[in-house]
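Numbering (my numbering), first residue to last: -10 to 505. A virtual CB, placed ideally from N, CA and C, is assigned to each residue, including glycine. The structure under discussion appears below in the form of structure tokens.
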């Protein structure tokens, strides 16, 4: 494994390195285990463009594959474990995955999709024995535990989000999310130096799904010597209990997690010692001001908010102290980016004036979508200047405020959902003439999916549970509408376009801003 982790295997052999609800792994055990994964991936004969896909819920094995692939110089594809066979098949093909890792709850879907996509190697942990599937323990035993070199350059993850045109879109982990070093060994050494300078010894914790970029940042920290505790799912009291038990110092969350923590009875909230926390980072969706204020009042000024996207990484960051002085801001812009607020004619606007938010990447890279030059071009005003599709302003001290989204994207519980994908499915229902999907308020999730439907018969519209079952045949559950409204007309203009902003206004308060 990395030099840092190998040293820890000698210096602190019995200290915790990695844990979930099922198992605890010490540094002494982790070192040869990761070496086996690295050597196993290198022996798998992946092509130069071949990737390792992970389709499994949160667990220790999940993290081991990611850290092993990083050291082996193999790009990984973290995949939402709620996806259907067809959704997974598309991603496996598009990403050129050549090996797939599954768990007991994803084995069936994973096997079927792998067969359709032509992925020949499937490795499963804690799974029922299946033909054409390797058992995790046997796969590890077939590889040697000798020290694996870490001279490879780290290859980025390939993340997939729902596509605006109905197909998921891939985007690689941007360079600013990986330390600017040559090899994996250099990257881990840089991480180790940062942890030592911060005096970091207590573990980090993962509570969000490991197909998101935030949790994977924590996994990379393992190579720098930071112990990691993984929860299989978010349960608010379990989170507090784990913080106390392991003396957790850092954790990443989304606003929905905050709301569920705050919903706990006061006696439960006061039962656990959370004083070890030094950083609680949050991202994924806008955090209502009252929720963030309540979390700072409870946890202390340890909240750090990152704004950005999977395709860009963090473009802005704000700590608790700055946020308390400027509630609602997402902070100053981080290198290598510069924020630009432009009007409808792409002319710069002065401080305090609202417009479309663009970012200039001073490296010239901008953002990129895998196998989708059209979407890449559409996101850019010019080379290196891109938008994430939102509206806002910068104050006179350079702090960015997000006020609205120009795109139709729905953010529910920190997960991006694109209406076009859902509309494409619903319009195929024989009793639907027209449909539009929007995000509407949800106190817990921020937004939920609502379908506005023009039925063939307004007097006898299709049953809502029938429409949901219809969606579930093609879509993951979290993408399916939570509610349906039946209307005689959606209001398309002469060009056939729908004004989504007007549709949303029926459901949102007129005073709504993206930051609550």
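What are the start and end residues of the beta strand (DSSP E) that includes residue i?
i: residue 158; result: 158 to 161
i: residue 265; result: Segment: none, residue 265 is in no beta strand (DSSP E) and carries neither H nor E.
i: residue 144; result: Here residue 144 belongs to no beta strand (DSSP E), and DSSP marks it neither H nor E.
i: residue 404; result: 404 to 406
i: residue 345; result: 344 to 350
i: residue 318; result: 318 to 322
i: residue 82; result: Segment 74 to 84 is the alpha helix (DSSP H) holding residue 82; no beta strand (DSSP E) there.
i: residue 474; result: 472 to 475
i: residue 246; result: That residue, residue 246, is in no beta strand (DSSP E); its alpha helix (DSSP H) goes 244 to 251.
i: residue 330; result: 326 to 331
i: residue 379; result: 379 to 383
i: residue 465; result: Premise fails: residue 465 is in no beta strand (DSSP E) and is neither H nor E.
i: residue 294; result: 292 to 298
i: residue 218; result: 217 to 219
i: residue 113; result: 110 to 113
i: residue 357; result: Per DSSP, residue 357 belongs to no beta strand (DSSP E) and is neither H nor E.
i: residue 66; result: 65 to 67
i: residue 416; result: Run containing residue 416: none; DSSP gives neither H nor E here.
i: residue 195; result: 193 to 195
Assuming residue i and residue j are in contact, meaning their beta carbons sit under 8 angstroms apart, how far apart are those beta carbons, in whole angstroms?
i: residue 423; j: residue 479; result: 5 angstroms
i: residue 465; j: residue 71; result: 4 angstroms
i: residue 257; j: residue 234; result: That pair is no contact at about 15 angstroms.
i: residue 217; j: residue 192; result: 6 angstroms
i: residue 323; j: residue 340; result: 19 angstroms between Cβ atoms; not a contact.
i: residue 405; j: residue 199; result: Actually they are not in contact, since the Cβ atoms of residue 405 and residue 199 sit about 16 angstroms apart, beyond 8 angstroms.
i: residue 507; j: residue 112; result: This structure cannot settle anything about residue 507, because the visible part of the chain is limited to -10 through 505.
i: residue 373; j: residue 350; result: 5 angstroms
Could you pull the start and end residues of the alpha helix (DSSP H) that residue i belongs to?
i: residue 508; result: Because the chain is modelled from -10 through 505, residue 508 falls outside the range shown and cannot be assessed.
i: residue 457; result: 453 to 461
i: residue 203; result: 202 to 211
i: residue 284; result: 278 to 288
i: residue 51; result: 49 to 61
i: residue 21; result: 16 to 31
i: residue 235; result: 225 to 235
i: residue 309; result: 309 to 314
i: residue 365; result: 362 to 367
i: residue 257; result: 255 to 258
i: residue 104; result: 96 to 106
Just list the residues that DSSP pairs residue i with in beta bridges.
i: residue 165; result: Paired residue(s): none; residue 165 is not in a bridge.
i: residue 523; result: Given that the chain is displayed from residue -10 to residue 505, the structure contains no residue 523 and the question cannot be resolved.
i: residue 431; result: 435
i: residue 522; result: Since the first residue shown for the chain is -10 and the last is 505, residue 522 is missing from the structure and cannot be characterised.
i: residue -3; result: Note: residue -3 sits in no beta bridge, so no partner.
i: residue 305; result: 296 and 322
i: residue 4; result: None; residue 4 has no bridge partner.
i: residue 45; result: None, per the DSSP bridge assignment.
i: residue 393; result: 380
i: residue 174; result: Residue 174 pairs with nothing; no bridge assigned.
i: residue 40; result: 86
i: residue 71; result: Answer by DSSP bridge pairing: none, since residue 71 is not bridged.
Alpha carbon to alpha carbon, how far is residue j from residue i? Give it in angstroms, no decimals.
i: residue 411; j: residue 469; result: 7 angstroms
i: residue 237; j: residue 231; result: 7 angstroms
i: residue 117; j: residue 100; result: 12 angstroms
i: residue 65; j: residue 446; result: 48 angstroms
i: residue 126; j: residue 221; result: 20 angstroms
i: residue 467; j: residue 98; result: 17 angstroms
i: residue 352; j: residue 362; result: 19 angstroms
i: residue 4; j: residue 14; result: 9 angstroms
i: residue 131; j: residue 176; result: 28 angstroms
i: residue 195; j: residue 115; result: 21 angstroms
i: residue 291; j: residue 246; result: 15 angstroms
i: residue 462; j: residue 481; result: 28 angstroms
i: residue 146; j: residue 172; result: 16 angstroms
i: residue 494; j: residue 449; result: 27 angstroms
i: residue 492; j: residue 429; result: 10 angstroms
i: residue 8; j: residue 62; result: 24 angstroms
i: residue 109; j: residue 332; result: 51 angstroms
i: residue 95; j: residue 330; result: 44 angstroms
i: residue 328; j: residue 289; result: 29 angstroms
i: residue 29; j: residue 209; result: 19 angstroms
i: residue 501; j: residue 25; result: The pLDDT assigned to residue 501 is 47, lower than 50, so where the model puts this residue is not dependable; a value taken from the coordinates is nonetheless given after this. Using only the alpha carbons, I get a separation of about 52 angstroms.
Report yes if the C-beta of residue i is less than 7 angstroms from at least one heavy atom of the ligand MG; otherwise report no.
i: residue 45; result: Looking at this structure, you won't find the ligand MG or any other ligand, since it has none at all.
State whether the stretch 345 to 357 contacts the stretch 275 to 293, with contact taken as three or more CB pairs (one from each stretch) at a distance under 8 angstroms. no
Check whether the stretch 73 to 84 touches the stretch 51 to 61, counting contact only when three or more Cβ pairs, one atom from each stretch, lie closer than 8 angstroms. no
Count the C-beta pairs between the stretch 87 to 99 and the stretch 38 to 48 that are closer than 8 angstroms, then say yes if the count reaches three, no if not. yes
With three or more beta-carbon pairs closer than 8 angstroms as the criterion, would you say the stretch 312 to 321 touches the stretch 330 to 344? no
Quick test of the definition: if touching needs 3 or more C-beta pairs under 8 angstroms, does the stretch 258 to 278 touch the stretch 191 to 206? yes
Three CB pairs or more closer than 8 angstroms across the stretch 429 to 444 and the stretch 386 to 406: yes
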